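What follows is a single structure, written as structure tokens, with notes after it.
Residue numbers (this note's numbering): 13 to 159.
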């Protein structure tokens, strides 16, 4: 295999490029790569059915801002410092519901099942290369306050 096949693969599907493990980790499988986040945000028009409910990104703020580049204007996430629990609780108190896109809980993003007084509904996963829906680091949830 020469440079041209490598370049074509890198251009068409970077996650399939033959890379050393450290490089693959940085640019494909870890949070800094952006895989999963872009896919989740591009899927918002399908998964976010109530556009008057806030969407909070429970992730590093720079990841949230980068993901928002792909979002439709009325489907942009509110970016917070990870994990963003105070913002999630405030949105629940104000509106009774909040969408939360979580990345790598509980290491980076919030484990939404720990939010007191709220029920959680899983809406979808956006797996990175090598992940499954079950093991995906990026997942979308709808939290509803228990009344």
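A virtual CB, placed ideally from N, CA and C, is assigned to each residue, including glycine. What you are looking at is a predicted structure, and each value in this text was computed from that prediction instead of being measured.
- For the options 47, 76 and 53, the alpha carbon positioned closest to that of residue 142 is the one of 47.
- Its chain contains 52, 59, 111, 113, 135 and 136 as the residues whose beta carbon lies nearer than 7 angstroms to that of residue 152, once the 5 sequence neighbours on both sides are disregarded; these appear in chain order.
- The beta-carbon distance between residue 90 and residue 66, rounded to whole angstroms, is 6 angstroms. This is short enough to meet the 8 angstroms contact definition.
- Within its own chain, the residues whose Cβ lies closer than 7 angstroms to the Cβ of residue 54, once the five positions on either side in sequence are excluded, are 82, listed in chain order.
- The beta-carbon separation of residue 92 and residue 130, rounded to 17 angstroms, does not stay under the 8 angstroms limit for a contact.
- With fewer than 16 other CB atoms across the displayed protein chains lying within 10 angstroms of its CB, residue 24 is exposed.
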